[in-house]
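Engineer: Residue numbers (my numbering): 26 to 454.
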Amino acid sequence: MRSLPHLLFATIIFSFTIAPLAEAADVQILQTPVGQQTSLSRLTTDNAGKVHLSWVQSSGKVSKLYRSYFADNTWSDASLISSGDDWFVNWADFPFLSVNDTSMAAHWLQKSSQGTYNYDVKATFYNGATQHWSTPVTIHKDGVSAEHGFVSMAPLTDDRTLITWLDGRNTVKQENTEGQAEGHDMHQNMDHTMSGMTLRAGIFKADGSTEKEWELDGLVCDCCQTSSAMTESGPVVVYRNRTEAEIRDVYITRMTDSGWSAPMSVHDDNWKIAGCPVNGPSIASRNGLTAVVWFVAKDDLPTVNMALSTDDGKRFGAPIIVAQGSTNGRVSITILASGDIVVSWLETEGKAAQLKLARYDPQGDLKESLVVAETSTSRRSGFPVITSVGDDVYVTWTDLSNKVVNKVANDASGPVTKGSRVKVAKVQF
């Protein structure tokens, strides 16, 4: 996160943008219970077809995580999940929900020490029977003051939740005990070695206790979002890998009966970059089709790619170019009941941007594209996220069109400026 938090591409070799097709989709801006000074929104859909929205409202040093759900064309009242004055509020790494049949899980980042990037992933779990959120727990048990974040979550059976995260326990000098359980009792037999960011995962029960935990990859990109999905044969996780030669391509690992598969690239872009682009992939899976969308800028050519798999992520076809040249990525993806795939990204021109959607058939052929909203390339505009119910798509983003009263530095963390507001649109194809 410290190495290269936001890439600026000085040279564009050429610019290519998808020509809009006939836009038959209907875009409706929904009235939500979200107020001003809000951002960091996320959407997810449960098995019953309810759309759940989470967002953060900030005032001074206090941040509050709220949720609401959409059913019968109505949003529920805003409900507070948690709040704190010691949160790490990050434009690219933000809280959200995972919704099971009778429970939920939510997470956020909380400072662990005085270091700028020392923060933990906190999670709370909702009991549907008691209708209460649990006491927050730290999902990683290393006890190290370091970076932890960029979480993805997927609901499992028996109200369990798969949580994956980037874990920086090895990025700081530690006193390690040879032969001790990983992450515990690290204060004997000093081993002053430094390593990189790792990808870890755990299964958490409805009460917040850890059932299992794994290290999935020992060296990954520092601050690109992770994404997970449930395929027909089990959970999969995608993320931006990092080699010792600084190749940072998108990888996938699958949970099987024998454990997690060896990570493999979705496609060998061979993007060499000595820093994190802060631009992670997104994955969706439905009825035997798995789709991954990601950003790459090899040779200073910003590109949004998509690849499809019909065997639960074991193999992927050749990349399909979604956008190229005038884009800064910030991608999201969902698969409709029809089998069509919808991708969102930001199309850019200077400081201005358009939030765009494109719909593809299950074979990857483009059917239509459209602009949902005008937005900004600013970090404060965040990462738009999409989900779907049936063949309807729901989109959320941070709107900056209102006057900004308290301008803040364009850094990785900081308070949400007045005038920002979470928006949600429903797109009917």
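Built from N, CA and C at the ideal position, the CB exists for glycine as well.
Exposed or buried, what is Q453 when buried is set at 16 or more other beta-carbons lying within 10 Å of its beta-carbon?
Structural biologist: exposed
Engineer: On a CA-only basis, which of M331, T155, I308 and A179 is nearest T359? Give me that one, please.
Structural biologist: I308
Engineer: Quick check: the Cα distance between S394 and V318, rounded to an integer number of angstroms?
Structural biologist: Taking the straight line from one Cα to the other gives about 16 Å.
Engineer: To the nearest angstrom, how far is it from the Cα of Q213 to the Cα of S220?
Structural biologist: With a pLDDT of only 29 at Q213, under 50, the local geometry of the prediction cannot be trusted, and the value read off the model is given with reservation. Taking the straight line from one Cα to the other gives about 19 Å.
Engineer: Take every Cβ of the segment 111-129, pair it with every Cβ of the segment 144-153, and state whether three or more of those distances are shorter than 8 Å.
Structural biologist: yes
Engineer: Have a look at G444, E271, E372 and D365 and flag the residue whose alpha-carbon is nearest the alpha-carbon of T412.
Structural biologist: D365
Engineer: State the Cα-Cα distance for the pair Q61 and T400, rounded to the nearest angstrom.
Structural biologist: 16 Å
Engineer: Quick check on DSSP: helix, strand or coil for D232?
Structural biologist: coil
Engineer: Who pairs with S177 in a beta bridge, going by DSSP?
Structural biologist: DSSP lists T189 as partners of S177.
Engineer: Tell me whether I9 is buried or exposed, calling it buried when 16 or more other Cβ atoms sit within 10 Å of its Cβ.
Structural biologist: Outside the shown range of the chain, which is 26 to 454, sits residue 9, and nothing can be said about it.
Engineer: For V418 and V197, what's the separation of their Cα atoms in angstroms?
Structural biologist: 42 Å
Engineer: Which same chain residues end up closer than 6 Å to V291 when comparing Cβ atoms and leaving out the 5 residues on each side of it in sequence?
Structural biologist: V275, I277, V317, A332 and F341
Engineer: Per DSSP, which one or two residues make a beta bridge with T251?
Structural biologist: T251 is not bridged to any residue.
Engineer: Pairing CB atoms from the segment 245-258 with CB atoms from the segment 227-235, are three or more of them under 8 Å?
Structural biologist: no
Engineer: What residue range does the beta strand (DSSP E) around I106 cover?
Structural biologist: S104 to G109
Engineer: State the DSSP-derived secondary structure class of T182, mapped to helix, strand or coil.
Structural biologist: helix
Engineer: Using a Cβ-Cβ cut-off of 6 Å (strictly less than) and excluding sequence neighbours within five positions of L181, which residues of its own chain qualify?
Structural biologist: L187
Engineer: CB W190 to CB H165, shorter than 8 Å?
Structural biologist: yes
Engineer: Could I get the ranges of all uninterrupted beta strand (DSSP E) runs contained in the segment 375-417, with 3 residues as the minimum, in chain order?
Structural biologist: 377-385, 391-401 and 410-414
Engineer: Does the beta-carbon distance from T281 to G259 come in below 8 Å?
Structural biologist: yes
Engineer: Near S159, what residues of its chain come up, given a Cβ to Cβ distance below 6 Å and the 5 sequence neighbours on each side ignored?
Structural biologist: T149, F150 and G233
Engineer: Output the residue ranges of the alpha helix (DSSP H) runs that lie fully inside the segment 51-94 and measure 4 residues or longer, sorted by chain position.
Structural biologist: Qualifying alpha helix (DSSP H) stretches: none in this window.
Engineer: Looking only at its chain, what residues have a beta carbon closer than 7 Å to the beta carbon of V329, apart from the 5 residues adjacent to it on each side?
Structural biologist: Short of 7 Å from the beta carbon of V329, and not among the five residues preceding or following it, lie these beta carbons of its own chain, in chain order: V318, F320, V347, A348, T352, G354, V356 and W370.
Engineer: With a 10 Å radius around its C-beta and 16 neighbouring C-beta atoms as the bar for buried, classify N98 as buried or exposed.
Structural biologist: Exposed, by the Cβ-count rule.
Engineer: Between the C-alpha atoms of R273 and Q379, what's the straight-line distance to the nearest angstrom?
Structural biologist: 26 Å
Engineer: Three or more C-beta pairs closer than 8 Å, one from the segment 93-111 and one from the segment 67-76: is that the case here?
Structural biologist: yes
Engineer: Quick check on the DSSP output: the beta strand (DSSP E) that includes L361 runs from which residue to which?
Structural biologist: Segment: none, L361 is in no beta strand (DSSP E) and carries neither H nor E.
Engineer: So for D336, helix, strand or coil by DSSP?
Structural biologist: coil
Engineer: When burial is assigned at 16 or more other CB atoms within 10 Å of the CB, is E203 buried or exposed?
Structural biologist: Summary for E203: the model assigns pLDDT 35, below 50, so the residue's position carries little reliability, and this model does not support an answer.
Engineer: Straight-line CA distance for Q135 to D184?
Structural biologist: 25 Å
Engineer: DSSP on D242, reduced to helix/strand/coil?
Structural biologist: strand
Engineer: For A35, count the other beta carbons within 10 Å of its own beta carbon; 16 or more makes it buried, fewer makes it exposed. Which is it?
Structural biologist: Note on A35: pLDDT 32, under 50, position unreliable in the model; the coordinate value appears next. Under this definition A35 is an exposed residue.
Engineer: Using 10 angstroms around the beta-carbon of D167, count the other beta-carbons present and answer buried if the total reaches 16, otherwise exposed.
Structural biologist: buried
Engineer: Would you check if the distance between the CB atom of F119 and the CB atom of V81 is smaller than 8 Å?
Structural biologist: With respect to the 8 Å criterion, F119 and V81 are classified as neighbours on the basis of their beta carbons.
Engineer: How many angstroms separate the CA atom of D210 from the CA atom of E240?
Structural biologist: The predicted position of D210 is uncertain, since its pLDDT is 30 and thus under 50; a value taken from the coordinates is nonetheless stated next. Roughly 18 Å between the two C-alpha positions.
Engineer: What residues match up with T163 in a beta bridge as DSSP calls it?
Structural biologist: K147
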